[in-house]
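*Asks:* Heads up: the sequence shown is residues 171 to 507, going by our numbering. The structure's right below; bear with me while I get my questions together.
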Amino acid sequence: MFPSRARPLPRWVGSIAAGILIATAFAPAAAQDAAPGANPIIRDKFTADPAPMVDGDRLYLYVGHDEAQRDEMFNMKEWLVYSTTDMRHWTDHGPIMNVSDFKWAKKDAWASQTIRKNGRYWFYAAVEHDNTHPGKAIAVAVSDTPTGPFKDAKGSALITNQMTPKGPHSWEDIDPTVFTDDDGTTWIAWGNRQAYIAKLNPNMIELDGPIREITPPHFEEGPWLHKRGKLYYLTYASLDRATHRDERVSYATATSLDGPWTYRGELTGSGKYSFTIHPGIAQFKGQWYIFLHNAALTIGDLNGAIGRRAVTVERLDYNPDGTMKPVIQTDAGVTAP
171 MFPSRARPLP
181 RWVGSIAAGI
191 LIATAFAPAA
201 AQDAAPGANP
211 IIRDKFTADP
221 APMVDGDRLY
231 LYVGHDEAQR
241 DEMFNMKEWL
251 VYSTTDMRHW
261 TDHGPIMNVS
271 DFKWAKKDAW
281 ASQTIRKNGR
291 YWFYAAVEHD
301 NTHPGKAIAV
311 AVSDTPTGPF
321 KDAKGSALIT
331 NQMTPKGPHS
341 WEDIDPTVFT
351 DDDGTTWIAW
361 GNRQAYIAKL
371 NPNMIELDGP
381 IREITPPHFE
391 EGPWLHKRGK
401 LYYLTYASLD
411 RATHRDERVS
421 YATATSLDGP
431 WTYRGELTGS
441 GKYSFTIHPG
451 IAQFKGQWYI
461 FLHNAALTIG
471 DLNGAIGRRA
481 VTVERLDYNP
491 DGTMKPVIQT
501 DAGVTAP
């Protein structure tokens, strides 16, 4: 998600937000008559932090709902899910949860991911904990169907800020990514500025072992775990603060989730008009895809902005050595030849 959504905000966030708001004031509106599947793929709502999940012949896409008004920074209260069978036409299944469904959380329906295991669907999401455990936390919910209803599976946070005391700020425990390995072990990774990884207990609502730090170069937030062949991939929103104003996407690879992780460089640049970016990767019907977000959508009199983003998707291809080919973000997306 974004490192500045907790209070107090660093000074540099204000300048970034102001710059984005000025830039997007003159951003062209996204064409409402674009070809089905063109970017952004969802055009009637502002959406962010895409997390794909393939289940049978359908790809489900879990997103946060950006509801920021005017110069508001972030306003996110619920998570939505869409699905497709052809990567061009998307079915809106509506909200699956509200942050208030976690009784111990007080706000901020931030980045999430859902996976299927043991015939059920497990939803992991970042929220703001109430004052009993101040700071960001990771929640877990469960459903018998990919479109919900989801309910709090634990009744308390899976991960709290107090469990990762190294971080210099209260929002380091965000952006969970979950991945089940070939041996059936499920892992969870997350973080902001520091990247963490841990095994999940088979019950999916407890950690099974210690939390380890695996921070790759320029790691900012938004990690995503996936595997292709014998290689594991850690893809993430990166920020070289010495040279870059906006987040980009970088990645690292390893032959084991225990590491070591080898930094592979940038995968794609910043999202148009957006400080944040958030990768989600899936293979669907033989083709790999990477989901991202930008701030290029206009809805009514609201232009895209730091808290009004739009989900996009591009094809993802690999080199013979397993590295990923650079991704160029386009308006055409999967509709391009």
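Glycine residues also receive a C-beta, built at the ideal position from the N, C-alpha and C atoms. Fair warning: this is a prediction, and the values are worked out from it, not measured in the lab.
Would you call the CB atoms of ARG411 and THR423 closer than 9 Å?
*Replies:* Contact flag unset, no.
*Asks:* Rounded to whole angstroms, what is the Cα-Cα separation between VAL348 and LEU395?
*Replies:* Rounded to the nearest angstrom, the two C-alpha atoms are 7 Å apart.
*Asks:* Based on the DSSP secondary-structure assignment, which residues constitute the bridge partners of GLU484?
*Replies:* Answer is ILE460, bridged to GLU484.
*Asks:* Rounding to the nearest angstrom, what Cα-Cα distance links GLY207 and ARG479 in this structure?
*Replies:* If you take the alpha carbons of GLY207 and ARG479, they lie about 17 Å apart.
*Asks:* Using only CA atoms, which one of ASP236, GLN239, ARG286, ILE358 lies nearest to GLY226?
*Replies:* It is ARG286 whose Cα lies nearest to the Cα of GLY226.
*Asks:* Quick check: what's the CA-CA separation for TRP431 versus ILE384?
*Replies:* Each residue's Cα considered, the two are about 8 Å apart.
*Asks:* Have a look at GLY318 and ASP378 and give me their C-alpha separation to the nearest angstrom.
*Replies:* Their Cα atoms are separated by approximately 26 Å.
*Asks:* Enumerate in chain order the residues of its own chain whose CB-to-CB distance from VAL233 is below 6 Å, with the five nearest sequence positions on each side excluded.
*Replies:* Closer than 6 Å at Cβ, skipping near neighbours: THR217, PRO220, LEU250, VAL481.
*Asks:* Go to THR347, then tell me how far its beta strand (DSSP E) extends in each direction, as first and last residue.
*Replies:* First-last of the beta strand (DSSP E) with THR347: 347 to 350.
*Asks:* Can we say the region 295 to 312 touches the region 385 to 393, given the rule of at least three CB pairs closer than 8 Å?
*Replies:* The answer is no - the region 385 to 393 does not touch the region 295 to 312, with fewer than three Cβ pairs under 8 Å.
*Asks:* Can you name the start and end residues of the beta strand (DSSP E) that VAL233 belongs to?
*Replies:* Start and end: 228 to 236.
*Asks:* Ignoring anything shorter than 3 residues, give me the beta strand (DSSP E) runs that lie fully in the region 421 to 467, in order along the chain.
*Replies:* If we require 3 residues or more, the beta strand (DSSP E) runs fully inside the region 421 to 467 come out as 432 to 438, 450 to 454, 457 to 464.
*Asks:* Is it true that the region 295 to 303 meets the region 340 to 357, where meeting means three or more beta-carbon pairs spaced less than 8 Å apart?
*Replies:* Yes: at least three Cβ pairs fall under 8 Å.
*Asks:* Here's the rule I'm using: 16 or more other beta-carbon atoms within 10 Å means buried, otherwise exposed. How should THR425 be labelled?
*Replies:* THR425 comes out exposed.
*Asks:* Would DSSP call ALA199 helix, strand or coil?
*Replies:* In this predicted model, ALA199 has a pLDDT of only 43, less than 50, meaning its place in the structure is not dependable; the value taken from the coordinates is given anyway. The answer is coil: DSSP assigns ALA199 none of H, G, I, E or B.
*Asks:* Compute the distance between the beta-carbons of MET223 and ALA452, then report whether it is under 9 Å.
*Replies:* Yes, Cβ-Cβ distance for MET223 and ALA452 is below 9 Å.
*Asks:* Under three-state DSSP, which class holds THR505?
*Replies:* Here THR505 sits in helix by DSSP.
*Asks:* Less than 7 Å between C-beta atoms, sequence neighbours within five positions excluded: which residues of the same chain meet that for LEU409?
*Replies:* Only HIS388, GLU390, GLU417 meet the Cβ criterion.
*Asks:* If distances are taken between C-alpha atoms only, which option among ASN288, ASP322, GLN332 comes closest to THR302?
*Replies:* Cα-wise, what sits closest to THR302 is GLN332.
*Asks:* Buried or exposed: which applies to MET494, given that a residue is buried once 16 or more other Cβ atoms fall within 10 Å of its Cβ?
*Replies:* With 16 or more Cβ atoms within 10 Å of its Cβ, MET494 is classed as buried.
*Asks:* Just checking my contact of ASN245 with GLY477 at CB under 8 Å: how many whole Å lie between their CB atoms?
*Replies:* At roughly 6 Å, the Cβ-Cβ gap stays under 8 Å, so ASN245 and GLY477 are in contact.
*Asks:* How close, in whole Å, do the beta carbons of HIS263 and GLU248 come, if the pair is a contact with beta carbons under 8 Å?
*Replies:* Actually they are not in contact, since the Cβ atoms of HIS263 and GLU248 sit about 12 Å apart, beyond 8 Å.
*Asks:* Could you tell me which residues DSSP pairs with ASN489 in its beta bridges?
*Replies:* Paired residues: none, contrary to the question.
*Asks:* Just how far apart, CA to CA, sit GLU237 and SER444?
*Replies:* The alpha-carbon atoms of GLU237 and SER444 are separated by roughly 16 Å.
*Asks:* Expressed to the nearest angstrom, what Euclidean distance is found between the alpha-carbon atoms of THR505 and ALA205?
*Replies:* Rounded to the nearest angstrom, the two C-alpha atoms are 7 Å apart.
*Asks:* Could you name the residues of the same chain whose beta carbon sits closer than 6 Å to that of TRP458, not counting the 5 residues immediately before and after it, in chain order?
*Replies:* Closer than 6 Å at Cβ, skipping near neighbours: LEU486.
*Asks:* Compute the Euclidean distance between the alpha carbons of ALA466 and PRO507, then round it to the nearest angstrom.
*Replies:* Each residue's alpha carbon lies about 22 Å from the other.
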